[in-house]
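As structure tokens, the structure follows; a few thoughts come after it.
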Amino acid sequence: MTKSEKVPSSLLFCAQLKKDIAKQLIQVQEEERKRISRTLHDSVTQDLLGLLVELRVLKYMDDAEEMNKRLQIAERNITNTIAKIKNLSVELRDSNLSNVGIKEALQLHFQWVKKHYGLTIHFQSNIAGNRFSNEIETVIFRICQEAIFNAYKYAGVREIFVELNRANDRIDLKIKDLGKGFNPVEEVMGTGLGITGMEERAAIIGAKLSIFSSIGNGTLVQMKVPLKERGPKS
């Protein structure tokens, strides 16, 4: 075998190795999210119990100045706990995915986003009870989650349009906003809106991720996913 014949094989090996590593990474990340979810629950419970004890102590205090100091500390602790829950819960909110599938999980997530952030998400999908591989459903959920968070945080929008449709042998995902827009090349190289992370996730399932945007013209995130169907949900 000549050297020129060995190069393509080595490149294919490296590409497959990179894909396998990325696949393992996302599995580890999902397990870590589950662990964090349990830890968060326990942590918040302990925080609240601590505050409860502190409030009970305050009932028996006579020193108004000391009481006021403790109340201010308790107020800060409550504010910090609320902020921690709000910031992390949106990242951890995918427990419905394994039970109901990608379409219903997204619908529930969009309702949660509306309730907590006032962001209206117009959702259209032709996927009914179909289930797909765990990897595909997880990647779709995470990329949609990331794109919506970016639009809310950076684009200054109150509405987002999401489409998730089956088209023969693939799944098409589109997330569109009419916000400020940005230069995709500059963002990949500079401030980082999670574009690289989304691209890496898409690569894990062999999907093609495209991002179309320009200053003042909104953003369209589009992903085409090769179909691996798991069958109807039980």
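Residues in the sequence shown are numbered consecutively from 1, following the UniProt record's numbering.
For glycine and all other residues, C-beta sits at the position ideal for the given N, C-alpha and C.
{"Asked": "State the beta-bridge partners of N165 as determined by DSSP.", "Found": "D172"}
{"Asked": "Consult DSSP for F182 and reduce its assignment to one of helix, strand or coil.", "Found": "coil"}
{"Asked": "Tell me the residue span of the beta strand (DSSP E) that contains L119.", "Found": "Per DSSP, L119 belongs to no beta strand (DSSP E) and is neither H nor E."}
{"Asked": "Can you look up S210 in the DSSP assignment and give me helix, strand or coil?", "Found": "strand"}
{"Asked": "Between which two residues does the alpha helix (DSSP H) holding M198 run?", "Found": "I195 to I204"}
{"Asked": "Can you say whether R142 is buried or exposed, counting buried as having 16 or more other CB atoms within 10 angstroms of its CB?", "Found": "buried"}
{"Asked": "Can you tell me whether I102 is buried or exposed? The criterion is at least 16 other CB atoms within 10 Å of its CB, across all chains shown.", "Found": "buried"}
{"Asked": "How is the beta strand (DSSP E) around R158 delimited, first residue to last?", "Found": "Taken as a continuous stretch (DSSP letters only), R158 belongs to no beta strand (DSSP E), as it is neither H nor E."}
{"Asked": "Could you check the C-alpha separation between N13 and K19 for me, to the nearest Å?", "Found": "According to the sequence displayed, residue 13 carries Phe and not Asn. Between F13 and K19, the C-alpha separation is close to 10 Å."}
{"Asked": "May I ask you to report which of helix, strand or coil DSSP gives S133?", "Found": "coil"}
{"Asked": "With a cut-off of 8 Å on the beta carbons, I'd call G181 and N150 a contact; round off their distance for me.", "Found": "Actually they do not touch by this definition, with Cβ atoms about 12 Å apart."}
{"Asked": "In the DSSP assignment, the beta strand (DSSP E) including K227 goes from what residue to what residue?", "Found": "Note on residue identity: the sequence assigns Leu, not Lys, to residue 227. First-last for L227: undefined, no H or E at that position."}
{"Asked": "Hey, which unbroken runs of the alpha helix (DSSP H) at 4 residues or more fall wholly within the region 51-87?", "Found": "none"}
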